[in-house]
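Residue numbers (our numbering), protein chains in the order written: chain A, 1049 to 1235; chain B, 19 to 274. Note that beta-carbon positions come from the ideal geometry of N, C-alpha and C, so glycine has one too. The structure appears below as C-alpha cells.
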Amino acid sequence: MAYRRLAILGIVLVLASPAVLAHKLKLFAQTEGNWIRGRVYFVGGSAAAGTHIEVRDAEGRLLAELTPDTEGRFGYRMQSATTEYQLIASTGDGHRVAQRLTPNPLLADPAQTHAMDPSETASGANPLDPASLMLIEQTLARQTQPLAERLNALEDRILLQDILGGIGYILGLTGFALWWRCRRPQS
Amino acid sequence: MRHSLVIHLTWLILPVALNVQAHFQELIPSKDIATDPNDPELTLDLTFTHPMERGPAMPMGEPVQFGVLGPGGREDLRESLTQRLQDGQPAYRARYRLKEPGDYIFYLEPAPYWESGEGRMIVHDTKVVVDGFGGGESWDAEVGFPVEIIPLTRPYGLWTGNLFQGLVKYKGQPVPFATVEVEWRNDGSVTPPADAFVTQVIKTDAHGVFAYAMPRAGWWGFAALVEADQPMKNPEGKEVPGELGGLIWVYTRDMK
C-alpha cells in the first residue's frame, strides 16, 4: 500500500516537474507614445502576475517599482524620451529577467499619439519642448513610412529596367559595330 | 539554320514544361522566431514560385485575403501589402510589427491562378506561424481555409532532421490519403539530381495525418492538394477543374 502511494507520488512529481522547468520567465516591453507598456509571462504565454518589476535608468538608478495586473500587463510613463531604460522583472522564487529599452519614436504606435494628454501638446508653445518634439518625430516617421516602402518597391523595378536597358545597349552597340564593319570596305 | 532554331526553342521550352507540377505559394517571414523585444519588426515575402528550382516566379494577382491570427485576435493586413517584382512577375511584400508576446499565424488566400498548361485553376491558401517572444501556445489554431494543414508538430523551433506531422482537413474534415507535396526553399546550395528530388510526395494516412523528416536547414513548404468538388471558372469564363492547396511553411536549423 505504502509502495503504491509512493509510486503515485512519483508519477505526480514526474508529470509536474517538466511543466515547472518549462516555465521560464519572459519580459516584453515596448514604448507607445510616452509610455512603456509591457507584459511579464512564462514561456507559452501564461501570465506571471505575482512579479515585481523595477524600472531603472541607464546608470541603474531606481525610477519606479511596478506590480503587473492579473494578466501580467504593466505600464510606466516615461519622464524623458531620450534616456535608456532598464526593466528588471523577478518572482519570489528566483526567476529573473531584464530588458534594455531605448525609446525609439520610429517604433511608436501611431494610435498612441492621438491618445496623448491634451495638456501636454498644449504646452508646446516652446518648440523645443520634448513632448512636441516627439510628436513631430512620430508624425514624420508615420508619414515617411509608406514613402520608404514605395522606394523599396521602386528599387526592385529599377533593377529590371536596368537589365533591359543593359541588353538594349549591348544590342545597339553590336548593331552599330556590325554596320560599321559592313560599311568600311565599300568606302 | 531553321532546324537548329527549332532545337534551341525546344531547349528553352523544355525546362518550363518540366516545372509545371510544383507550384508553391510562398509566405516567408524575415524571422520565424522573434526574441528581441527591441526588434519587433517583420517583413513577409509573398511569392508564387518553384522553391526548389529557385523560380521562375508566376504572376500573383491581388490577394483575396491576407491577415494574421495573433494574440490580439484576427487582423486584416491587405492594406500593408506593397507590390514588388520577382523574376519580372508581380509579387508582394508586407511589413508587420509584433505588438505583444504570442503566436502569430500569418495567412494568405491568393487570387486564383489559371494554369493553362494543366487546364485548371489553382488556389494555394498558405500560412506560416511566427513565435512572438515565446509567448504563445496557439500555433495549431485553425485559420479556416477550405483546405488546411493543422500542425501536430509545433511549427517553429525545429531542428534539421525533425519529423514534421500535420493533419490535412478539407471543409473541416480530415482527408485520408491526400497528396502532400514537399519542397525545400533552395538557397542555391543544392542541385536536385533528378526531377523526383525537386518535389517530394507523401500521402496522408487513413486519419488524414502525414509525417516528413526534414533533412536540411532552411524553409520547408508542405502543400496538401485536394481536387475541388466544384468546377471553377477560368479567365475565359469556361468551367475547369480546380486544385485547392493548403500550405504551411516551417523553418529548420542545424543543431550546432
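Between which two residues does the alpha helix (DSSP H) containing residue i stretch?
| i | result |
| --- | --- |
| F195/B | F195/B -> no alpha helix (DSSP H), and no H or E assigned at all. |
What is the residue span of the beta strand (DSSP E) that residue i lies within?
| i | result |
| --- | --- |
| V161/B | V161/B -> no beta strand (DSSP E), and no H or E assigned at all. |
| A1091/A | Sequence check: residue 1091/A is Val here, not Ala. Here V1091/A belongs to no beta strand (DSSP E), and DSSP marks it neither H nor E. |
| E1119/A | No beta strand (DSSP E) holds E1119/A; DSSP gives it neither H nor E. |
| Q1127/A | No beta strand (DSSP E) holds Q1127/A; DSSP gives it neither H nor E. |
| K1074/A | 1073-1080 |
| P108/B | 107-115 |
| T1099/A | No beta strand (DSSP E) contains T1099/A, which DSSP labels as neither H nor E. |
| D121/B | 120-127 |
| A241/B | 236-245 |
| E136/B | Counting along the chain, E136/B falls outside any beta strand (DSSP E), and DSSP gives it neither H nor E. |
| R271/B | 260-271 |
| Q1147/A | 1144-1149 |
To which residues of the same chain is residue i closer than 7 Å at the C-beta, ignoring the five residues directly before and after it?
| i | result |
| --- | --- |
| P108/B | P77, M78, Q101 |
| D205/B | G236 |
| H1143/A | L1073 |
| G137/B | V258 |
| L1069/A | In this prediction, L1069/A has a pLDDT of 45, which is less than 50 and means its spatial position is unreliable; what the coordinates show is noted afterwards. Taken in chain order, the list of residues that qualify is empty. |
| R290/B | It is not possible to answer for residue 290/B, since the shown part of chain B is limited to 19 through 274. |
| V161/B | L87, I123, Y125, K145 |
Is residue i close to the ligand NAD? I mean its beta-carbon at under 7 Å from any heavy atom of the ligand.
| i | result |
| --- | --- |
| V161/B | With respect to the ligand NAD, the structure shown offers nothing to examine, as it has no ligands at all. |
Return the CA-CA distance between residue i and residue j, expressed in angstroms with no decimal places.
| i | j | result |
| --- | --- | --- |
| L1149/A | P192/B | 46 Å |
| R172/B | D158/B | 8 Å |
| G179/B | D1210/A | 42 Å |
| T1115/A | Q1147/A | 16 Å |
| T1139/A | T1131/A | 26 Å |
| G184/B | Y1133/A | 43 Å |
| H41/B | H68/B | 5 Å |
| R1125/A | G1081/A | 9 Å |
| G1216/A | D143/B | 40 Å |
| G175/B | F124/B | 17 Å |
| V227/B | V186/B | 6 Å |
| D1141/A | H225/B | 45 Å |
| A1170/A | R113/B | Because A1170/A sits at a pLDDT of 40, beneath the cut-off of 50, its placement in the model cannot be relied upon, and the following sentence gives the value as read from the coordinates. So the two alpha carbons sit approximately 33 Å from each other. |
| S98/B | E80/B | 12 Å |
| L45/B | L1219/A | 38 Å |
| P233/B | V146/B | 20 Å |
| R1198/A | R111/B | 11 Å |
| D321/B | V244/B | It is not possible to answer for residue 321/B, since the shown part of chain B is limited to 19 through 274. |
| D105/B | R1121/A | 46 Å |
| W1228/A | L1221/A | 10 Å |
| W132/B | K251/B | 9 Å |
| S207/B | L170/B | 29 Å |
| W177/B | L1188/A | 42 Å |
| T197/B | V1103/A | 54 Å |
| S1180/A | T1079/A | 16 Å |
| A231/B | S48/B | 23 Å |
| F66/B | E1113/A | 51 Å |
| G239/B | F182/B | 11 Å |
| S1094/A | P211/B | 48 Å |
| L1207/A | D223/B | 47 Å |
Cutting at 6 Å between CB atoms, please list the residues of its own chain near residue i, excluding the five before and the five after it.
| i | result |
| --- | --- |
| A1077/A | I1084, G1086, L1135, Q1147, L1149 |
| V141/B | P130, L262 |
| D1117/A | none |
| R72/B | N204 |
| G264/B | D143, F163, V165, E166, I167, A242 |
| Y269/B | D50, W237 |
| R1231/A | none |
| P89/B | E118, G120 |
| D94/B | G85 |
| D1165/A | Note on D1165/A: pLDDT 42, under 50, position unreliable in the model; no value is reported. |
| Y1089/A | K1074, A1095, A1096, G1120 |
Suppose the cutoff is 8 Å on Cβ atoms and the five residues either side in sequence are ignored; what does the same chain contact list for residue i look like?
| i | result |
| --- | --- |
| E155/B | D121 |
| T217/B | Q39, A40, M70, E199, V200, E201 |
| D1105/A | L1111, T1131, E1132, Y1133, Q1134 |
| G1214/A | none |
| A1196/A | none |
| G1098/A | T1139, G1140 |
* Can you list the beta strand (DSSP E) stretches of 3 or more residues lying completely in the stretch 48-102 of chain B, in chain order? -> 59-67, 83-88, 91-94
* Asked: In chain order, which continuous runs of the alpha helix (DSSP H) of length 4 or greater are located wholly inside the stretch 147-231 of chain B?
  -> 213-216
* the stretch 135-155 of chain B touching the stretch 105-123 of chain B, judged by at least three CB pairs closer than 8 Å -> yes
* Do three or more CB pairs link the stretch 160-172 of chain B to the stretch 201-215 of chain B at distances below 8 Å? -> no
* Sufficient close CB pairs (3 or more, under 8 Å) joining the stretch 238-258 of chain B to the stretch 48-59 of chain B -> no
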